[in-house]
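Under the numbering used here, residue 410 is the last one in the sequence shown; the count climbs by one each step, no gaps. Note that CB positions come from ideal geometry on N, CA and C, so glycine has one too. As the structure is a computational prediction, the values presented were derived from the model and not from experiment. Taking it in order: structure first as structure tokens, then the write-up.
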Amino acid sequence: MERDVTVGFRGKHGVMVGFGGKQAWLAVRDVAPAQIIEALGLRELGEAPWRDGIDLAHLTDDRVAVTPALPGARGTSWVLVVGRWLLRPGTTVDVTGLSGRLRTEVQFFATHRVTESHRWQRAVRGEPVRAFGYVGQTGAVTSWHGDPDPAERAAGLPAALDDDTTILVSEKDVLAVADAWSVDPAALTGRPAPGPLRIGAADDRETACAST
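The following block contains the structure:
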């Protein structure tokens, strides 16, 4: 009988499932998943396999999947929180406030190729560092705070925004910035999983991370 050699390769928790398109996520540096779930005001529902958790985060608007700590940019670990709940009109995550409460760096990314709406944001210990938002259907820049770093310049952003600036940003640019800042979630597919996902549920009220 032939032995299934894929079990040892995949590891105890199987393989990770990537995401990115038509999705939004947070990246939080060096903080335990349970602490992040609590800070977001979510109810923890337990663990889930990667495929099931990522599907749930994509198909519902009141559940998020929270990864275990993943190695990423600058030699640090990052926990990703993914779900269409973050795209819901009634959900406004205060990235700066969350970074202050957790005393760490928090990043937000969102991309939707149909509307060509793309966003990224970064805050460290309660201080806003960078924010960029763009809607390709209209060509409008919806947010701009701080100066673009080399990863953003490589994605085509100008050093400064003015009325004559033409900006073209796509999903791949969002993922490239995520890769430079923390973790490219689309590149996770097929890698051995360091652990299962955790699932958080949003109540029908404002969460603790909502901006005031």
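C-beta atoms of Leu278 and Leu285 nearer than 8 angstroms: One-based indexing of the sequence shown puts residue 278 at position 80. One-based indexing of the sequence shown puts residue 285 at position 87. Not a contact, by the Cβ cut-off of 8 angstroms.
Contacts around Ala329, its chain only, beta-carbon distance under 6 angstroms, and the 5 residues preceding and following it disregarded: One-based indexing of the sequence shown puts residue 329 at position 131. Counting only Cβ-Cβ distances below 6 angstroms, and skipping sequence neighbours, we find Gln319, Ser341, His343.
Buried/exposed call for Pro356, threshold 16 Cβ in 10 Å: Reading the sequence shown from its first residue, position 158 is the one you call residue 356. Under this definition Pro356 is an exposed residue.
Backbone CA spacing between Ala308 and Lys210 [nearest angstrom]: Along the sequence shown, one-based indexing puts residue 308 at 110. Along the sequence shown, one-based indexing puts residue 210 at 12. Ala308 and Lys210: Cα-Cα distance of roughly 31 angstroms.
Per-residue burial, Cys407 [other beta carbons within 10 Å of its own, 16 or more giving buried]: As a position in the sequence shown, residue 407 is number 209, starting the count at 1. Note that Cys407 scores 49 on pLDDT, short of 50, meaning its location in the model is unreliable; the coordinates nonetheless yield the value given after this. Label assigned to Cys407: buried.
Three-way DSSP call (helix, strand, coil) for Thr340 in this model: Position 142 of the sequence shown, counting from 1, holds the residue named residue 340. In this structure, Thr340 counts as strand in the three-state DSSP scheme.
Pro348: first and last residue of the uninterrupted alpha helix (DSSP H) it sits in: For the purposes of this step, residue 348 is taken as the residue at position 150 of the sequence shown. Looking at the DSSP string, the run of the alpha helix (DSSP H) that includes Pro348 is 348-352.
Rounded straight-line distance, which links the Cα of Arg323 to that of Gly393: On the sequence shown, residue 393 is found 195 positions in, with the first residue counted as 1. On the sequence shown, residue 323 is found 125 positions in, with the first residue counted as 1. Whole-angstrom Cα-Cα distance: 27 angstroms.
Whole-Å CB distance - Val291 paired with Phe306, under 8 angstroms assumed: Numbered from 1 along the sequence shown, position 93 holds the residue referred to as residue 291. Numbered from 1 along the sequence shown, position 108 holds the residue referred to as residue 306. Yes, Val291 and Phe306 are in contact; Cβ-Cβ is about 6 angstroms, under 8 angstroms.
Between the CA atoms of Arg249 and Thr336 - distance to the nearest angstrom: Start at 1 with the first residue of the sequence shown, and residue 336 comes out as number 138. Start at 1 with the first residue of the sequence shown, and residue 249 comes out as number 51. Computed Cα separation, rounded: 35 angstroms.
Backbone CA spacing between Val339 and Gly331 [nearest angstrom]: Position 141 of the sequence shown holds residue 339. Position 133 of the sequence shown holds residue 331. Spanning the two alpha carbons is a distance of roughly 6 angstroms.
Proximity to Glu242 [Cα-Cα], best of Ala255, Val262, Asp253, Gly334: As a first step, residue 242 must be located in the sequence shown, where it is residue number 44. Here the closest residue by C-alpha is Val262.
Cys407 (DSSP reduced to helix, strand or coil): Indexing the sequence shown from 1 puts residue 407 at position 209. Low confidence applies to Cys407: its pLDDT is 49, below 50, so where it sits in the model is not reliable, and the reading given next is rough at best. Here Cys407 sits in coil by DSSP.
Reference Val215; option with closest CA among Glu350, Pro390, Arg396, Thr258: The residue labelled residue 215 in the question sits at position 17 within the sequence shown. Cα-wise, what sits closest to Val215 is Pro390.
Distance CB(Ala399)-CB(Leu240) smaller than 8 angstroms: The sequence position of residue 399 within the sequence shown is 201, counting from 1. The sequence position of residue 240 within the sequence shown is 42, counting from 1. Cβ atoms of Ala399 and Leu240: closer than 8 angstroms.
As assigned by DSSP and simplified to three states, the class of Gln335: Mapped onto the sequence shown, residue 335 falls at position 137. DSSP places Gln335 in coil when its eight states are reduced to three.
Arg286, DSSP secondary structure in three states: Taking the first residue of the sequence shown as position 1, residue 286 is located at position 88. Note: Arg286 maps to coil in three-state DSSP.
Opposing strand residues paired with Val264 [DSSP bridges]: By 1-based counting over the sequence shown, the position of residue 264 is 66. Per DSSP, Val279, Arg396.
Proximity of Thr265 and Arg282 at Cβ, strictly below 8 angstroms: Residue numbering aside, residue 265 sits at position 67 when the sequence shown is read from its first letter. Residue numbering aside, residue 282 sits at position 84 when the sequence shown is read from its first letter. The answer is no: Cβ separation not under 8 angstroms.
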